[in-house]
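Residue numbers (our numbering), protein chains in the order written: chain A, 106 to 576; chain B, 12 to 634.
Positions of the beta carbon are idealized from the N, C-alpha and C atoms, including for glycine.
Here's the structure, in structure tokens; my notes come after.
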């Protein structure tokens with residue numbers, strides 16, 4: 106059931122929820138009012154979507170305080186709710202968190218929702234029970250730069266469609282193998298990106314040893330440097346806990362922990378489902394980066410040449426210029442999240458954010474079939490990015506969520522011109538450095554770059570610097 | 012003191028003659044409880060937290076028990092709260108699924124009533140073999156599709172009527188290591204080993220395996236591959252020796268242990284070694300209680316018929332004669348109307364806890380602080396954990412319950428073990444609840460259990476006996492089959508979490524969404540993994556292996572076993588809920604004690620772990 110035509114009511118609902126519990130104007134806090142998830146179902150019209158996004162932006166930039174429930178003295182930063190044996194000595198702690206006061210504390214270059222400088226690096230670990238082990242030592246955590254979120258809604262939509270493709274291929278291969286009584290080999294590919302091969306046995310067993318660049322459950326997880334997070338919603342719930350100690354009820358509430366104040370900071374029900382939805386809507390609706398026309402004919406010419414060099418060197422083998430997207434309807438919750446992140450089937454009707462309603466959507470290029478061409482300069486696939494000789498990007502000691510230390514999701518290059526520094530640790534100051542750091546599956550293109558004439562290398566940089574996050 | 016019943020065949024066996032003086036539910040007991048008003052609004056006390064723990068007289072403690080009852084009521088603790096987690100919606104659909112089968116018969120069939128679930132046709136879906144009592148047992152082949160309604164079709168086994176009649180229970184295992192699951196049939200009279208073949212074919216294999224099925228009234232079974240043996244050691248638990256003078260009182264039959272001799276590619280069970288004394292066993296389980304690597308044999312016994320008996324734990328050491336754990340070794344005297352054994356590692360410490368069903372309160376045993384590696388000292392934590400399940404949770408009947416099959420499993424996939432107990436009056440025992448619904452005790456985050464049988468939909472007025480907890484439609488949510496006495500089996504499909512309106516901010520649907528959800532139907536629960544083990548050579552299904560499913564800082568331990576419950580067994584995928592975890596790391600301690608490397612597995616998948624393989628293999632059911 107679509108809820109077209111309910112926009113004024115929905116918009117009002119969001120606002121009313123805000124107004125009804127509004128605190129004094131000088132209140133030191135962000136969460137004194139919650140978004141009502143019940144008011145969010147069906148396709149929101151533009152007014153409702155904008156109202157929701159407005160609240161999402163408030164939450165994104167707001168500095169959380171103890172009144173909101175900031176802090177998690179008795180819970181770790183782990184994604185799976187995990188109790189801490191004793192409170193950490195300091196509530197704020199650069200490694201295990203809390204390490205930020207607001208989402209925008211890190212995501213702010215060149216604008217709110219953007220990337221971050223080296224100083225905003227975060228430390229990823231699976232969350233120990235004892236703060237003593239939550240150290241900066243790379244033995245216990247991986248240090249990562251802050252990614253930008255512009256165009257994130259389109260990225261997630263691409264990942265969903267690709268997942269549907271891959272899982273359909275799996276289903277078809279299994280059905281065919283059962284039907285014909287012999288093994289079936291099927292190539293996995295979606296939107297022109299190859300993910301290897303599966304072999305389905307007649308008894309339902311699946312050989313996944315030749316699958317490449319995607320998890321064995323064939324879910325494209327497009328977020329984080331490593332490509333291990335499924336959705337904006339999942340990442341938001343993770344990050345709220347990790348960085349701020351703000352625990353979303355959909356994972357840290359009684360259903361999964363038996364407690365309303367799982368982190369033991371004295372505040373119950375810190376983040377509602379509706380609050381998370383507002384944050385998701387705001388992030389999903391962030392306009393995608395663009396390829397700007399540079400100032401002056403010299404740069405323009407260099408960029409044109411650099412664009413050709415980009416292809417000639419083979420950068421586009423992984424950094425695909427664009428992937429086609431069939432639909433701009435962003436269901437929230439999405440179809441791929443698992444328990445602990447709100448699922449669509451847990452609601453009477455999920456909300457749908459029609460990204461086509463947003464002004465920037467009009468400028469999206471489309472192909473002849475009407476599909477949006479999302480200019481991400483990526484393939485939403487993981488690759489080995491370090492080798493024995495060129496190992497700078499293989500500097501982590503820990504695998505993360507089953508992904509080996511040298512393997513990362515292809516960085517989407519849209520916005521690269523606005524988001525220095527580079528590399529998953531944000532420790533490479535220039536595009537030239539990060540290109541030279543490519544090893545592993547990126548080694549051949551990197552070597553061609555290194556061997557190219559200086560003019561060509563410069564042209565490539567000129568081109569990449571036109572990929573910016575617009576004002 | 013009780014008096015012998017005038018009839019040779021008592022009206023209520025299995026524990027079960029009401030004793031003069033009110034051995035289990037006397038006047039004082041009823042008075043105490045009946046004066047309590049609406050029990051649902053009061054503390055739910057165990058009938059007798061210390062029943063059976065009185066040294067000496069097992070049956071003569073009526074007065075003492077009444078005092079204990081009074082004391083226990085005086086020392087009441089607050090009532091257990093309702094479940095805080097998902098309540099699975101269990102939809103009964105036996106007839107719709109194509110199963111029409113009841114467990115029937117006179118006195119000898121007041122006990123038993125088991126089932127076996129196992130894959131007999133190679134599609135990995137659990138098929139069902141159902142005991143019928145005086146009527147023939149039947150085989151039902153699973154024709155369900157992934158996530159769909161349950162579908163079974165009766166299949167002719169080709170076995171003789173004589174073999175299929177008088178069956179009280181069944182356990183699946185691959186006795187001869189041929190890759191096909193066999194069945195051990197517990198019978199009134201000669202026990203039968205059925206050799207499984209392709210496409211759900213079976214043949215009687217007593218002669219082939221040199222197995223003398225005896226002529227006892229067999230009510231319990233367990234099996235274990237002892238170190239160095241290619242074939243399993245079989246233990247049969249027997250009930251009353253009907254031919255003994257004075258039967259049924261004090262005439263419990265010996266139990267029996269069969270150790271294999273290697274034959275030509277098949278076992279020979281020529282030697283029957285009695286496990287004496289027998290105390291009317293109703294469930295037995297080879298269990299590695301101390302994680303020594305050598306399982307011992309735990310037996311729960313029905314105090315109603317034995318004299319001077321108790322619960323038992325046998326040393327079963329390879330190459331040595333079985334011997335009972337003694338008082339000097341720490342084994343404590345406990346007398347209950349033992350009906351079923353369930354094993355589960357509630358606190359993930361590697362040492363299992365045990366639920367023992369009985370009449371009245373269920374026992375929940377955990378190793379005591381005084382326990383040591385060779386001293387099996389257990390303490391009862393059922394009362395503290397809210398797991399006594401001692402009387403019906405719905406209806407007006409305040410009389411004690413009668414518990415049978417027990418099984419720990421995670422029905423809602425939240426990562427916490429739940430406890431299912433089949434309940435049902437023996438037949439027409441007036442001092443016990445006539446309407447006695449099965450229990451679904453959901454594990455809570457504080458370690459307690461909360462009753463959810465009614466809300467889940469399993470609180471039916473049937474007389475449950477054996478049961479199977481298994482995922483019949485391979486959707487990752489555990490379904491439930493209960494064998495009922497004199498009524499059709501109950502087959503519950505787990506549809507997912509009931510959408511019960513919750514408070515805003517609790518993670519449950521609330522407000523309008525909840526109301527709409529309630530109309531729309533159940534919603535998904537937590538994540539799960541299901542694991543199938545395989546190793547080359549003997550014991551291909553790795554009976555005795557420990558599966559440790561680690562996610563975050565939690566570990567769910569599961570053991571592959573043959574035995575326990577009440578006359579009912581399962582073979583196939585081992586299920587573990589993992590709550591909100593998207594991934595799990597699985598290690599296997601194979602039966603010979605060797606640990607596997609960790610296997611990384613994505614949640615909500617079925618995987619097969621083959622010993623020595625570098626990775627777990629994913630399996631997908633037909634859609």
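With contacts defined as CB atoms closer than 8 Å, residue 424(A) and residue 520(A) fail to qualify as a contacting pair. Along the segment 532 to 556 of chain B, going in chain order, the ones with a CB nearer than 8 Å to a CB of chain A are 534, 535, 536, 537 and 538. For the pair residue 347(A) and residue 175(A), the CB atoms are not nearer than the 8 Å cut-off.
For the segment 328 to 345 of chain A, no residue has a beta-carbon sitting nearer than 7 Å to a beta-carbon of chain B. Residue 404(B) places its beta carbon 8 Å or farther from that of residue 461(B). The shortest CA-to-CA distance from residue 364(B) to any of 138(B), 337(B), 392(B) and 349(B) is the one to 392(B).
Against chain A, the beta carbon of residue 613(B) has neighbours under 9 Å at 320, 321, 322, 324 and 507, listed in chain order.
For the segment 275 to 297 of chain A, the set of positions with a beta-carbon nearer than 8 Å to some beta-carbon of chain B reads 275, 276, 279, 280 and 283 in chain order. Below the 8 Å Cβ cutoff, chain A contributes 308 and 309 as neighbours of residue 135(B), in chain order.
Under the 8 Å criterion on CB atoms, residue 610(B) is classed as non-interfacial with respect to chain A. Annotated as proximal: residue 147(B) and residue 176(B), with beta-carbon spacing under 8 Å. With respect to chain B, the C-beta atom of residue 360(A) has a partner C-beta closer than 8 Å. When the Cα atoms are used, residue 622(B) and residue 485(A) turn out to be separated by approximately 34 Å. A straight line joining the alpha-carbon of residue 238(B) with that of residue 329(B) spans about 6 Å. At a cut-off of 8 Å between beta-carbon atoms, residue 455(B) makes contact with chain A. Its Cα nearest to that of residue 380(B), the residue 341(B) stands out among 410(B), 400(B) and 341(B).
Looking at the DSSP output, residue 206(B) bridges to 214(B). Annotation: residue 102(B) to residue 502(B) spans about 8 Å, alpha carbon to alpha carbon. Residues of chain A whose Cβ lies closer than 7 Å to the Cβ of residue 593(B) are, in chain order, 443. If the five residues before and after residue 335(B) are omitted, its C-beta is found closer than 8 Å to the C-beta atoms of 323, 324, 325, 326 and 342, all from its own chain and listed in chain order. For residue 508(B) and residue 574(B), the gap between their C-alpha atoms comes out near 30 Å. Between residue 186(B) and residue 204(B), the gap from beta carbon to beta carbon is short of 8 Å. In terms of beta-carbon proximity, residue 261(A) stays away from the interface with chain B, with every pair separated by 8 Å or more. When the beta-carbon positions are compared, residue 614(B) and residue 539(B) come within less than 8 Å of each other. In the DSSP annotation of this structure, the continuous segment of the alpha helix (DSSP H) that includes residue 173(B) starts and ends at 172 to 175. Distance from the CA of residue 595(B) to the CA of residue 421(B), rounded to the nearest whole angstrom, comes to 16 Å. Remark: C-beta atoms of residue 423(B) and residue 536(B) approach each other more closely than 8 Å. Nearest Cα to residue 317(B) within the set 337(B), 164(B) and 292(B): 292(B). Between the C-alpha atoms of residue 149(A) and residue 456(A) there is a straight-line separation of about 7 Å. Every beta strand (DSSP E) stretch that sits fully inside the segment 571 to 597 of chain B and reaches 3 residues is listed by chain position as 585 to 590. In terms of beta-carbon proximity, residue 448(A) lines the interface with chain B, with at least one pair separated by less than 8 Å. Beta-carbon to beta-carbon, residue 544(A) and residue 491(A) are separated by about 4 Å, close enough to satisfy the 8 Å threshold. According to the DSSP assignment, residue 374(B) belongs to no alpha helix (DSSP H) but to the beta strand (DSSP E) extending over 374 to 378. Per the coordinates, the alpha-carbon of residue 488(A) lies some 14 Å from the alpha-carbon of residue 328(A).
Counting along the chain, residue 616(B) sits inside the beta strand (DSSP E) bounded by residues 616 to 621.
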